[in-house]
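Take a look at the structure below.
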Amino acid sequence: MFIIMKKKSTVFLRNAMHKKLNILISFSLVSLCVACSSADKPAFEYMPDMMDQISVKAQEAAPQTAVEGTVARNVDVYPYAADERERAKNALNNPLPRTTEVFARGKKAFEIYCVVCHGHSAEGDGTIVPKFPRPPSLLSDKIKSWEDGEIFHVISTGQNLMPSYASQTLPEERWAITHYLRALQRADDPKPSDVKRLEMHLKKLKQQQ
Numbered sequence: 736m737f738i739i740m741k742k743k744s745t746v747f748l749r750n751a752m753h754k755k756l757n758i759l760i761s762f763s764l765v766s767l768c769v770a771c772s773s774a775d776k777p778a779f780e781y782m783p784d785m786m787d788q789i790s791v792k793a794q795e796a797a798p799q800t801a802v803e804g805t806v807a808r809n810v811d812v813y814p815y816a817a818d819e820r821e822r823a824k825n826a827l828n829n830p831l832p833r834t835t836e837v838f839a840r841g842k843k844a845f846e847i848y849c850v851v852c853h854g855h856s857a858e859g860d861g862t863i864v865p866k867f868p869r870p871p872s873l874l875s876d877k878i879k880s881w882e883d884g885e886i887f888h889v890i891s892t893g894q895n896l897m898p899s900y901a902s903q904t905l906p907e908e909r910w911a912i913t914h915y916l917r918a919l920q921r922a923d924d925p926k927p928s929d930v931k932r933l934e935m936h937l938k939k940l941k942q943q944q
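Using the working numbering, the first residue of the sequence shown is number 736, and each one after it goes up by one.
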């Protein structure tokens, strides 16, 4: 009796080992097939319901098409195309006053967005020049003759190799940059009244020392 029970136990253990071995081999084969999948033959997905469930995904497009002419909230739509500089010249005027605060804001924005190409003095000698075509000097007679609206337009839409900076700057910053550029242009070719004003300022500073 003992011998018979021992024999049955041995058979049971052998069968259990075979089942475990078969499961292990099957799992290894499945893993190998998954690892060898490609774009043409994607891997087998087991229970993909959680991945491909019917639900609204964050940031996905809405099914409704916006009504023609719809404008996003808090977005300032620039009404002139890149090749409409003349229209912008005649229609746009700088709304910002020439104050210390405006010039400081323009200087800050100029140094962030413009200096890399145009240089600190606006001569077109920015740090990008050795590896990129030199931009035109903003101190040339041509640019000096432009209206403020033209300068604002080019900053807004870009020109030639220069991209648009409308997405990086607010309209007020672009107008402030225009004021600051005018100051650089005036410093490059000062009027007699500017020289006299500077001399008086330096004299006043000397008296205060």
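Positions of the beta carbon are idealized from the N, C-alpha and C atoms, including for glycine. Bear in mind that the values here come from a model prediction, so they are computed numbers and not experimental data.
Can you check the region 834-889 for any alpha helix (DSSP H) of at least 4 residues that lies completely inside it and give the ranges in chain order?
Runs of the alpha helix (DSSP H) inside the region 834-889: 835-848, 850-853, 876-879.
Measuring straight from C-alpha to C-alpha, what distance separates Lys877 and Glu885?
The straight-line gap from Cα to Cα measures roughly 12 Å.
Please go through the region 890-942 and give each complete alpha helix (DSSP H) segment of 4 or more residues, from N-terminal end onward.
Within the region 890-942, the complete alpha helix (DSSP H) runs of at least 4 residues are 906-923.
By DSSP, does Ala816 sit in helix, in strand, or in coil?
Coil at Ala816, not helix or strand.
On the three-state DSSP scale, how would you describe Met786?
Three-state DSSP puts Met786 in coil, outside helix and strand.
Assuming Ile863 contacts Cys852 (C-beta within less than 8 Å), just tell me the rounded distance between them.
Right, the Cβ-Cβ distance comes to about 5 Å (below 8 Å), so this counts as a contact.
Using only the alpha-carbon positions, how far apart do Phe887 and Asp784 sit?
Each residue's alpha carbon lies about 54 Å from the other.
Let me know if Thr913 comes out buried or exposed under the rule of 16 or more other beta-carbons within 10 Å of its beta-carbon.
Flag for Thr913 reads buried.
To the nearest angstrom, report how far apart Lys941 and Ala807 are at their CA atoms.
Rounded to whole angstroms, Lys941 to Ala807 spans 55 Å at the Cα level.
Taking all protein chains shown into account, do 16 or more other C-beta atoms lie within 10 angstroms of the C-beta of Leu873, making it buried, or fewer, making it exposed?
So Leu873 ends up on the buried side.
Quick one: is Phe867 buried, meaning 16 or more other Cβ sit within 10 Å of its Cβ, or exposed?
Classification of Phe867: exposed, given that the 10 Å Cβ count is below 16.
I need the straight-line Cα distance from Lys939 to Gly854, nearest angstrom please.
Between Lys939 and Gly854, the C-alpha separation is close to 31 Å.
My output table needs one value for Arg808: the three-state DSSP class, helix, strand or coil.
Residue state, collapsed to three classes: coil.
Taking 8 Å as the threshold (C-beta atoms), are Ala911 and Gly841 in contact?
Result yes, Cβ atoms of Gly841 and Ala911 sit closer than 8 Å.
Between Thr904 and Ala844, is the Cβ-Cβ spacing less than 8 Å?
Going by C-beta atoms, Thr904 is nearer than 8 Å to Ala844.
What does a CB cutoff of less than 6 Å around Tyr900 pick up in its chain, not counting 5 residues either side in sequence?
For Tyr900, where only same-chain residues beyond five positions count, the Cβ hits under 6 Å are Tyr848, Ile890.
Who are the Cβ neighbours of Ala826 in its own chain at under 7 Å, not counting the five residues just before and after it?
Taken in chain order, the residues that qualify are Gly884.
Are there 16 or more other CB atoms within 10 angstroms of the CB of Asp924, so buried, or fewer, so exposed?
By the 10 Å Cβ count, Asp924 comes out exposed.
Per DSSP, what kind of secondary structure is Leu827 in: helix, strand or coil?
Leu827: coil per DSSP, three-state reduction.
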